[in-house]
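First up is the structure itself, then whatever we jot down about it.
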Amino acid sequence: AEVDDRNAKLLKTLSEATDMLSKADEIQVEYTEQIREAREKASAEVKAYREKTEKAIAVQVASATAERDAKAAEVRKKLEADIEAKKAAAEAEIEKRKAAFVKDTLAGVGL
474 AEVDDRNAKL
484 LKTLSEATDM
494 LSKADEIQVE
504 YTEQIREARE
514 KASAEVKAYR
524 EKTEKAIAVQ
534 VASATAERDA
544 KAAEVRKKLE
554 ADIEAKKAAA
564 EAEIEKRKAA
574 FVKDTLAGVG
584 L
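Mapping the sequence shown onto the numbering used here, position 22 (from 1) lands on 495, and the numbers just tick up by one.
Have a look at this one:
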């Protein structure tokens with residue numbers, strides 16, 4: 474009778490331990506799945522953030538490039554205008570010197 478009681482208690486304890494192991498396995502499977510989902514979500518969020526950041530940087534680079542090109546074009550246009558203005562201003566002096574040169578040359582040869 475005492476042996477039967479001990480066997481019964483051992484079987485009960487074994488049964489409880491088996492139940493606990495089964496429950497622990499279920500919890501482990503559940504946590505493993507939650508961890509996998511969390512990693513996937515984090516990975517997707519990191520990827521989205523990276524793409525968003527890369528797009529923002531690309532927009533800033535394009536904007537800076539356009540601004541630089543616009544400034545370069547503006548400087549080029551201003552330089553060309555300055556050169557044209559100086560040519561126009563010098564044109565009268567060139568004509569005057571040319572006329573004087575022709576007059577002097579013709580006078581020098583006796584015409």
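For glycine and all other residues, C-beta sits at the position ideal for the given N, C-alpha and C.
{"Asked": "Alpha-carbon spacing of glutamate 553 relative to glutamine 533, whole angstroms", "Found": "30 Å"}
{"Asked": "Extent of the continuous alpha helix (DSSP H) to which valine 575 belongs", "Found": "475-581"}
{"Asked": "Cα-Cα separation between glycine 583 and alanine 558, rounded to whole angstroms", "Found": "38 Å"}
{"Asked": "Alpha carbon of lysine 547 to alpha carbon of alanine 531, nearest angstrom", "Found": "Checking the sequence shown, residue 547 turns out to be glutamate, not lysine. Roughly 24 Å between the two C-alpha positions."}
{"Asked": "Alpha carbon of alanine 529 to alpha carbon of glutamate 506, nearest angstrom", "Found": "34 Å"}
{"Asked": "Rounded straight-line distance, which links the Cα of glutamate 518 to that of isoleucine 508", "Found": "15 Å"}
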